[in-house]
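Chains as they are written, first to last, in our numbering: chain Y, 5 to 448; chain D, 129 to 438. For each residue, glycine too, the CB sits at the ideal point set by N, CA and C. Just so we're clear, the structure is a prediction, and the values are computed from it rather than from any experiment. Just below is one structure, and these are the notes that go with it.
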Amino acid sequence: MNKTWLIIQREYTTRVKNKRFLILTFLMPLLVVGFIAASGYLAISGVEQRTIAVIDPNGFIKNSLKNTNQISFSFPNDVDTNNYKKKGFTDILILPEFKKNEKTDYILRSQKSMGLMLQESISNKINKAIEDQMLQDAGIKQSILDSIHNASNVAELKAYEDKGKSSKESNAGLAMGIGYASGLLIYLTMFIYGAMVMRGVMEEKTNRIAEVIISSVKPFELMMGKIIGIGAVGLTQFILWIVLIISLTSVAMGFLPADVQSQVATLQQTNGQMAGGGMAQASESAMKIYNMQHTIATANWPLIIGCFIFYFIGGYLFYAALFAAVGSTVNEDPQDAQSLMFPITMPLIFSYVITTMVTQNPNTPIAFWASIIPFSSPMVMMARVAYGVPSAVSYWELILSMAVLVGGFIFTTWLSGRIYRTGILLYGKKVTWKLMFKWAFKKG
Amino acid sequence: MDPLLRLSNLKKYYATQKAVDDISFEIQKGSIFGLLGPNGAGKTTLLRMITGIFYPDGGDIILDGKPFNSIDDIQKIGYMPEERGLYKKMKIGEQALYLAQLKGLSKAEATEKIKYWFKKFEMETWWNKKVEDLSKGMSQKLQFVITVLHEPKLIILDEPFSGLDPLNANLIKEEIYNLAKKGATIIFSTHRMEQVEEICDHIVLMNLGKKILDGTVTDIKQQFKENSFLIQTDNEVAIPTNPIFSTISNEKNKILVKINEGYQSNDVLKYLLQENVNIVAYNELLPSLNDIFIKLVENTHATARAFQNN
């Protein structure tokens, strides 16, 4: 055990001290945050401004076409399709005279074609204006109509899940996001760190140090030392990423204007309600930030983080042992590794595909079986757990899945240990899966 | 004196062949022992059983009076495999420290011993270099230091001189003698016969998994001598055919003869003196280990087996 500890230390320190590890660890969060910031910036700045001249013989459309930050409408008299460009408009919207019960075409002429979303929003506005006009014609006063409009925008769907007596706010979008993100993370981890284990074993075999070490320690100790050491590197990297992303986000929050920050704080204290006219004072951005924080808080984070760590470690141990076994059978030719890796990467990729389906439908039979079978359970169960325990996944399912995974990695480690101890000292022979099977199950 | 290592009826069978087939021998404390054999004879398999890498399929290994236990006895053994290996990207000092700690030395102990050996082999400046920066001979020296660092009672060297220049080979050779003098037992596996003749006290020759020869170098040479003598004379003489010996060659005052059965070497001298030959020197010609090796191994399909090894 003492020697396994030495091996773990070496595997860990040589990798953590490596420049590549440092660069990847510190660059990754910057890239992630940078990517989010860049896409946010593009979403704002990339939108083109449109100034639309509206020719409206009816007159009632004018009230409904309100300017937005993308489009400004104006209603000049001396503009037509020939001169709208000269007058500085990007588009011209021509509305024919409206006749009841008759389908009418509106014409939009543009210098540059307009995006679908923009077209749809203009069309909606026109139809809304016509609807209002018809209501007014039917005898409803403009003032009543306005008050209805103001009051009718209050419905918002809030879903709750019942847990015995108490019920809790739930959010399917958030669950999907968490499930997908954690499934993806586990998938990537297994690939990256599993391959790292495989390369490490191959390195020891091809530069022949394996025999020197195996005369000092048991092959199993060497294999476990490598697997645990590299797993610890992976955990370190994750922890550093999480710390860096959280601190970078809070630094970014500090750049918000002071009034928005104080409004968010007030919203937090008052649980989203502001007394009297306070609601109106809270700006749109403060509301958005508050809502985001509020939504994130609805998830059962201790459970999700606990499960994530368990499935991360369990899944890693399950697959890393298999990768180590493959590494031990490879000779100088890395091409051998490709073909031997195939039976390991296939279930990984397949599990990822199932995960993407399960994030939307957490309770299908395939979701159940895939979250029990240890080849896919680390990813698929994480996608299901995000929907809540026990509402989406019952306790016995979770416990069964965890127990099967523990049994699974004990089995793969045992199996790989047997393949490894023969493979690591065998040179010049092409190893097939059939041969590996023979090594694993022969006596002695 | 008790032997340090005693192997009795050791066996290791692979699916297709008997790699080590019922081998027994003893190695005395403080001796330099040569394990010889053609490629594929089973030497590496035998050594891997002695170092605890492989479990024997049958037979016993007694090390230092007790049955061999791969966990407790690891520190008593230093093994330098034929295929050398070191971590290419690791610093030499750290690497030596790591491997010594794996053998069970404490960090302080290991550091002290590495410093001693590095100084002895003029390697002090290497500490922070990486193995990939070393020449083949240099990494060979490092490998030797790593093997003997923890003062093992049994040192197993598989082809220790391959790739070394004569100067460094001599340095290692001297060190092997030193270690043996201090009480370490050395198993030396090779197929370079001239080195064995020079260094080893005792040899075992293996072929096709079996022991075919066991004894001291002198005894074996006696056993395989062909009663050949070299006679040097002061001037060229013609030797007539006689019943005592047959002349194999006669060139430039040097006559090589083979004594016929039933006669002693003195009979040759007597005959030559009667013939008035002026003898300057008279030596028995013993076969070289190389000759014995080739004679014993030839025509046994040993080469064919080397290719289907493993």
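| Item | Value |
| --- | --- |
| Name, in chain order, the residues that DSSP records as bridge partners for D:E154. | D:R134 |
| What does the Cβ neighbour count give for Y:T18, buried or exposed, with the cut at 16 atoms within 10 Å? | buried |
| Give, in chain order, every residue of the region 214–231 of chain D whose Cβ lies closer than 8 Å to some Cβ of chain Y. | L214, Y215, K216, K217, M218, Y226, L227, Q229, L230, K231 |
| Taking only beta-carbon atoms, is D:T179 less than 7 Å away from chain Y? | yes |
| Under the DSSP definition of a beta bridge, which residues are partnered with D:H330? | D:F161, D:T344 |
| Within 7 Å of any Cβ in chain Y, is that where the Cβ of D:Q436 sits? | Summary for D:Q436: the model assigns pLDDT 44, below 50, so the residue's position carries little reliability; its value from the coordinates is reported in the next sentence. No, because no Cβ of chain Y sits closer than 7 Å to the Cβ of D:Q436. |
| Taking the beta carbon of Y:S147 as the centre, do at least 16 other beta carbons fall within 10 Å, making it buried, or is it exposed? | exposed |
| What did DSSP end up calling Y:M228 once you bin it into helix, strand or coil? | helix |
| From the beta carbon of Y:R422, is the nearest beta carbon of chain D less than 7 Å away? | no |
| Hey, how far is the Cα of D:S290 from the Cα of Y:G318? | 46 Å |
| Please classify Y:H153: is it buried, with 16 or more other beta-carbons within 10 angstroms of its beta-carbon, or exposed? | exposed |
| Count the other C-beta atoms from every protein chain shown that fall within 10 angstroms of the C-beta of D:N197, then say buried if there are 16 or more, exposed otherwise. | exposed |
| Mark D:L132 as exposed unless 16 or more other C-beta atoms lie within 10 angstroms of its C-beta, in which case mark it buried. | buried |
| Is the CB of D:Y207 under 7 Å away from at least one CB in chain Y? | yes |
| Check the C-beta distance from Y:V201 over to Y:G119 and give it rounded, since I have them as a contact under 8 Å. | Not quite, the Cβ-Cβ distance comes to about 49 Å (not below 8 Å), so this is no contact. |
| Could you tell me the boundaries of the alpha helix (DSSP H) in which D:G187 lies? | Counting along the chain, D:G187 falls outside any alpha helix (DSSP H), though it belongs to the beta strand (DSSP E) covering 186–191. |
| Which complete beta strand (DSSP E) runs does the region 339–405 of chain D hold, if anything under 3 residues is left out? | 356–361, 373–379, 382–387 |
| Can you check the region 193–231 of chain D for any beta strand (DSSP E) of at least 3 residues that lies completely inside it and give the ranges in chain order? | 205–208 |
| Return the residue from the list Y:K222, Y:N335, Y:S380 that minimises the CA-CA distance to Y:K7. | Y:K222 |
| Which residue wins for smallest C-alpha separation from Y:D109, given the options Y:E101, Y:L28, Y:S381? | Y:E101 |
| Can you have a look at D:D286 and say buried or exposed, based on whether 16 or more other CB atoms are within 10 angstroms of its CB? | buried |
| Rounded to whole angstroms, how far is the Cβ of Y:I59 from the Cβ of Y:I75, which I believe are closer than 8 Å? | Actually they do not touch by this definition, with Cβ atoms about 16 Å apart. |
| Taking DSSP's pairing of strands, which residues face Y:F454 in a bridge? | In the structure as shown, chain Y starts at 5 and stops at 448, and residue 454 of chain Y therefore has no counterpart that could be examined. |
| What do you get for Y:W373, buried or exposed, if any count of 16 or more other CB atoms within 10 angstroms of its CB means buried? | exposed |
| Sorted by chain position, which residues of the same chain lie with C-beta nearer than 6 Å to D:N406's C-beta, five sequence neighbours on each side aside? | T361, D362 |
| So, is Y:R113 buried or exposed, given that buried needs 16 or more other C-beta atoms within 10 angstroms? | exposed |
| Sorted by chain position, which residues of the same chain lie with C-beta nearer than 7 Å to Y:T193's C-beta, five sequence neighbours on each side aside? | G238, F316, Y320 |
| Rounded to whole angstroms, what is the Cα-Cα separation between Y:M386 and Y:I353? | 16 Å |
| Tell me whether Y:A396 is buried or exposed, calling it buried when 16 or more other Cβ atoms sit within 10 Å of its Cβ. | buried |
| Is the beta carbon of D:L175 sitting closer than 7 Å to the one on D:I284? | yes |
| I want to see whether chain D comes within less than 7 Å of Y:E215, judged by CB atoms only; does it? | yes |
| D:E240 CB to nearest chain Y CB: under 7 Å? | no |
| Rounded C-beta distance between Y:G183 and Y:T302? I'm assuming under 8 Å. | Contact flag wrong, Cβ pair sits at about 14 Å. |
| Can you have a look at Y:G411 and say buried or exposed, based on whether 16 or more other CB atoms are within 10 angstroms of its CB? | exposed |
| For the region 212–244 of chain Y, enumerate the residues whose C-beta is nearer than 9 Å to any C-beta of chain D, in chain order. | R212, I213, A214, E215, V216, I217, I218, S219, S220, V221, K222, P223 |
| What are the start and end residues of each continuous beta strand (DSSP E) run of 3 or more residues lying completely inside the region 93–142 of chain Y, in chain order? | 95–98, 111–114 |
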